[in-house]
Amino acid sequence: QEPFVADEYIERLAWRTPGGGSRGGEAFDPKRLLEEFVNHIQELQVMDERIQRKVEKLEQQCQKEAKEFAKKVQELQKSNQVAFQHFQELDEHISYVATKVCHLGDQLEGVNTPRQRAVEAQKLMKYFNEFLDGELKSDVFTNSEKIKEAADIIQKLHLIAQELPFDRFSEVKSKIASKYHDLECQLIQEFTSAQRRGEISRMREVAAVLLHFKGYSHCVDVYIKQCQEGAFLRNDVFEDAAILCQRVNKQVGEIFSNPETVLAKLIQNIFEVKLQGYVKDQLEEHRKSDAEQYLKNLYDLYTRTTNLSSKLMEFNLGTDKQTFLSKLIKSIFISYLENYIEVEIGYLKSRSAMILQRYYDSKNHQKRSIGTGGIHDLKETLGQRTNLPLGPSIDTRGETFLSQEVVVNLLQETKQAFERCHRLSDPSDLPKNAFRIFSMLVEFLCTEHIDYALETGLAGIPSSDSKNANLYFLDVVHQANTIFHLFDKQFNDHLMPLISSSPKLSECLQKKKDIIEQMEVKLDMGIDRTLNCMIGQMKHILAAEQKKTDFKPEDENNVLIQYTNACVKVCGYVRKQVEKIRNSMDGKNVDTVLMELGVRFHRLIYEHLQQYSYSCMGGMLAICDVAEYRKCAKDFKIALVLQLFDTLHALCNLLVVAPDNLKQVCSGEQLANLDKNILHSFVQLRVDYRSARLARHFS
Numbered sequence: 001q002e003p004f005v006a007d008e009y010i011e012r013l014a015w016r017t018p019g020g021g022s023r024g025g026e027a028f029d030p031k032r033l034l035e036e037f038v039n040h041i042q043e044l045q046v047m048d049e050r051i052q053r054k055v056e057k058l059e060q061q062c063q064k065e066a067k068e069f070a071k072k073v074q075e076l077q078k079s080n081q082v083a084f085q086h087f088q089e090l091d092e093h094i095s096y097v098a099t100k101v102c103h104l105g106d107q108l109e110g111v112n113t114p115r116q117r118a119v120e121a122q123k124l125m126k127y128f129n130e131f132l133d134g135e136l137k138s139d140v141f142t143n144s145e146k147i148k149e150a151a152d153i154i155q156k157l158h159l160i161a162q163e164l165p166f167d168r169f170s171e172v173k174s175k176i177a178s179k180y181h182d183l184e185c186q187l188i189q190e191f192t193s194a195q196r197r198g199e200i201s202r203m204r205e206v207a208a209v210l211l212h213f214k215g216y217s218h219c220v221d222v223y224i225k226q227c228q229e230g231a232f233l234r235n236d237v238f239e240d241a242a243i244l245c246q247r248v249n250k251q252v253g254e255i256f257s258n259p260e261t262v263l264a265k266l267i268q269n270i271f272e273v274k275l276q277g278y279v280k281d282q283l284e285e286h287r288k289s290d291a292e293q294y295l296k297n298l299y300d301l302y303t304r305t306t307n308l309s310s311k312l313m314e315f316n317l318g319t320d321k322q323t324f325l326s327k328l329i330k331s332i333f334i335s336y337l338e339n340y341i342e343v344e345i346g347y348l349k350s351r352s353a354m355i356l357q358r359y360y361d362s363k364n365h366q367k368r369s370i371g372t373g374g375i376h377d378l379k380e381t382l383g384q385r386t387n388l389p390l391g392p393s394i395d396t397r398g399e400t401f402l403s404q405e406v407v408v409n410l411l412q413e414t415k416q417a418f419e420r421c422h423r424l425s426d427p428s429d430l431p432k433n434a435f436r437i438f439s440m441l442v443e444f445l446c447t448e449h450i451d452y453a454l455e456t457g458l459a460g461i462p463s464s465d466s467k468n469a470n471l472y473f474l475d476v477v478h479q480a481n482t483i484f485h486l487f488d489k490q491f492n493d494h495l496m497p498l499i500s501s502s503p504k505l506s507e508c509l510q511k512k513k514d515i516i517e518q519m520e521v522k523l524d525m526g527i528d529r530t531l532n533c534m535i536g537q538m539k540h541i542l543a544a545e546q547k548k549t550d551f552k553p554e555d556e557n558n559v560l561i562q563y564t565n566a567c568v569k570v571c572g573y574v575r576k577q578v579e580k581i582r583n584s585m586d587g588k589n590v591d592t593v594l595m596e597l598g599v600r601f602h603r604l605i606y607e608h609l610q611q612y613s614y615s616c617m618g619g620m621l622a623i624c625d626v627a628e629y630r631k632c633a634k635d636f637k638i639a640l641v642l643q644l645f646d647t648l649h650a651l652c653n654l655l656v657v658a659p660d661n662l663k664q665v666c667s668g669e670q671l672a673n674l675d676k677n678i679l680h681s682f683v684q685l686r687v688d689y690r691s692a693r694l695a696r697h698f699s
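Structure (structure tokens):
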């Protein structure tokens with residue numbers, strides 16, 4: 001048996017033979033094992049012979065059966081050939097008979113068709129004679145259940161009557177036309193009754209008969225009219241229309257042979273009657289009295305109508321259903337869309353003006369007129385060049401006249417206007433209309449609100465020599481910066497998609513660039529004047545608090561302070577202004593303004609120190625003051641400002657250094673690159689400068 005392994009077979013045989021191994025302590029007996037092997041070989045030989053004989057017998061039997069099978073196959077092939085020949089003969093005979101039958105059928109049809117026509121013509125003549133006699137006796141005309149057959153006959157008679165001369169057959173033509181009309185009315189009435197009963201199969205039968213009548217369109221009208229009975233009972237006419245069309249779409253194919261035409265006619269009727277009347281009622285009520293409500297209703301109705309149109313696009317309405325539905329929408333809204341943008345601009349203008357006026361009224365502020373023309377332009381140009389106020393200063397009492405609430409309201413109104421413009425404008429007019437709305441936003445937000453606040457803020461900046469001046473312009477800068485971000489966001493989010501692929505894009509970008517540059521000029525001017533005022537305030541502090549005896553004390557050995565009172569107050573004031581600048585601006589603007597303030601602050605301290613003479617102890621006190629100023633300058637976080645104060649601190653060392661070390665200090669790292677006149681000017685501030693020894697060492 002498979003799998004057969006000879007080695008394993010021998011092992012099993014040896015294991016079963018007594019004395020064939022050392023199993024159980026039994027001694028190994030080779031003779032016995034050999035005897036067992038010889039006997040087993042003989043048994044295998046006998047078995048092999050027996051199996052071989054059996055194989056030979058089976059082979060002989062197989063050969064005999066193969067011969068018998070081959071003989072049988074040959075007999076079957078001969079039988080198959082005979083059957084195939086018989087089949088071919090039968091097929092030829094059938095083809096022959098079929099040809100004869102077709103020929104006979106053609107002959108019969110050739111005879112029967114004229115006969116049928118003759119019979120039909122005879123019947124029509126019979127019915128025509130009844131109309132000639134004026135008395136309809138045939139059962140087909142008197143039996144109401146045979147209205148379908150009567151309709152077929154009268155329709156054919158009506159066509160024949162059209163060909164007859166009027167003068168000889170006027171009366172019979174009139175009777176046929178009258179019967180034609182009566183049957184048509186009966187069929188339409190039957191269709192109406194079947195529709196009310198909900199009998200779809202009867203409606204289909206009657207519609208098929210009416211298809212050849214002139215009143216078929218009236219049948220469709222009746223169907224459309226009855227479909228709408230009870231369909232518009234809720235307040236949402238658009239949802240009702242969608243549900244009605246969905247229901248009719250499932251039904252109309254079972255009734256009419258041209259369902260797409262019937263459904264299209266239903267939709268046209270809904271648009272031109274129901275929707276148009278509803279839209280007119282909703283819009284005419286507010287058209288002249290309430291522009292805001294009129295625009296909201298117009299946007300809402302147009303949106304809902306287009307959404308309904310999108311749902312109807314799922315149905316089969318013919319070849320060009322997109323154009324068909326677009327024309328229906330246009331027919332409803334064309335009178336409102338023609339002047340939409342004028343209404344939009346008018347409303348936006350009045351609404352924006354009201355928002356601004358309401359804000360200024362809440363502040364009890366009478367808006368000043370900002371001058372225009374040659375004199376105003378001249379003043380502005382001079383102001384930009386000289387950076388001096390050229391008009392009376394206005395006390396704004398800390399009011400910036402900028403309101404984030406006003407800005408949000410204006411942007412919200414404009415956002416809604418952009419949305420309406422996108423929906424209601426013709427694609428060819430969309431960029432132009434969007435630009436007009438953007439122009440309104442620029443006029444009221446940028447010009448009337450931000451620009452006015454900047455002008456008022458500029459006028460409210462006190463002169464640089466004013467004492468205890470309150471500086472509110474940085475608050476204006478802060479709010480204007482926030483508003484600019486909101487303005488820019490709306491420009492990108494709502495205007496750009498409407499004009500991105502039109503020539504108006506460059507025009508809008510240029511307009512935006514111009515208005516921003518105009519604002520930036522005024523912001524720069526205001527910031528510059530504000531910095532001048534800050535420096536002026538520092539001058540007042542130094543003039544009021546700094547005494548000449550601070551740097552030339554009477555008792556050199558009894559100086560108890562680390563730095564002067566003037567230094568403390570100036571540093572406190574500067575730190576407040578630095579914090580205010582950081583809170584009012586963002587980005588690189590902070591560093592730019594702080595660097596400018598730091599440079600001016602350094603120039604002020606430098607010039608201030610030049611006004612005094614310094615004893616040795618006074619020089620030490622000046623060094624302490626400058627160290628405190630330098631610590632204050634670190635708050636600016638501007639490398640240039642800190643470097644300037646480091647240099648100033650090094651210059652102050654010249655006030656106290658021993659005469660013998662002056663040259664060494666002047667050649668140090670921080671002072672080596674300075675002009676010799678600057679070094680000399682600081683050395684001259686020493687009270688001992690006149691001594692021959694000091695002059696000799698510095699020469």
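Mapping of the sequence shown onto UniProt numbering: position 608 corresponds to residue 608, and the numbering continues sequentially without gaps.
Built from N, CA and C at the ideal position, the CB exists for glycine as well.
Note that the structure is predicted; figures quoted are calculated from it, not measured.
Judged by DSSP secondary structure, residue 519 falls within the alpha helix (DSSP H) whose first and last residues are 504-545.
Taking 8 Å as the cut-off, the beta carbon of residue 676 is found no closer than this to the beta carbon of residue 614.
In this structure, DSSP gives residue 686 an extended state, which the three-state scheme calls strand.
For residue 567, the enclosing alpha helix (DSSP H) has its first and last residue at 565-584. Between the alpha carbons of residue 41 and residue 7 lies a gap of roughly 15 Å. Pairwise C-beta distances place the segment 412-426 in contact with the segment 488-501, as three or more of them are shorter than 8 Å. Take the alpha-carbon of residue 263 and the one of residue 427: they are about 29 Å apart. Membership of residue 659 in any alpha helix (DSSP H) is not indicated, and neither H nor E is assigned to it by DSSP. Of 297, 240, 398, 365, the smallest CA-CA separation from residue 461 is found for 398. For residue 261, the enclosing alpha helix (DSSP H) covers residues 259-269.
The closest CA to that of residue 528, considering only 489, 595, 554, 514, is found on 595. Bounds of the alpha helix (DSSP H) holding residue 223 are 216-227.
Assignment of beta-bridge partners to residue 614 by DSSP yields 686.
Residue 585 sits buried, since 16 or more C-beta atoms from the chains shown fall within 10 Å of its C-beta. In this model, residue 514 and residue 352 are separated by some 22 Å (Cα to Cα). For residue 298, the uninterrupted alpha helix (DSSP H) segment begins and ends at 291-312. Our two residues, residue 314 and residue 322, have alpha carbons roughly 11 Å apart in a direct line.
Per DSSP, residue 340 is one residue of the alpha helix (DSSP H) stretching across 340-362.
Buried is the label assigned to residue 356, since at least 16 other Cβ atoms lie within 10 Å of its Cβ. One thing to note: residue 276 has its Cβ no nearer than 8 Å to the Cβ of residue 301. Judged by DSSP in its simplified three-state form, residue 287 adopts coil rather than helix or strand. By the C-beta criterion, the segment 537-551 is judged not to be in contact with the segment 433-442, since fewer than 3 inter-stretch pairs fall below 8 Å.
For residue 405, the uninterrupted alpha helix (DSSP H) run begins and ends at 404-424, by DSSP. The way I'd put it, the segment 567-587 doesn't touch the segment 639-655; fewer than three beta-carbon pairs between them come closer than 8 Å.
Residues 650 of the same chain have their beta carbon placed closer than 8 Å to that of residue 668, with the five preceding and five following residues left out of the count.
Under the DSSP assignment, residue 670 falls outside any alpha helix (DSSP H); it carries neither an H nor an E label. Pairing residue 476 with residue 401, the inter-Cα distance amounts to about 8 Å. Between residue 411 and residue 295, the gap from beta carbon to beta carbon reaches 8 Å or more. Setting aside the 5 residues that flank it on each side, residue 187 is surrounded in the same chain by 147, 151, 206, 209, 210, 213, 215, 219, each with a C-beta closer than 8 Å to its C-beta; the list follows chain order. Taking a 10 Å sphere around the C-beta of residue 690, we find fewer than 16 other C-beta atoms and assign the residue as exposed. Within the same chain, and ignoring the five residues on either side of residue 285 in sequence, no residue has its Cβ closer than 7 Å to its Cβ. Excluding its 5 nearest sequence neighbours in each direction, residue 331 has C-beta neighbours in its own chain below 8 Å: 271, 272, 276, listed in chain order. Judged by DSSP in its simplified three-state form, residue 188 adopts helix. According to the DSSP assignment, residue 598 belongs to the alpha helix (DSSP H) that extends over 588-609. By the 16-neighbour rule on beta-carbons within 10 angstroms, residue 619 is buried.
In this structure, residue 241 lies near residue 308, with their beta-carbon atoms less than 8 Å apart.
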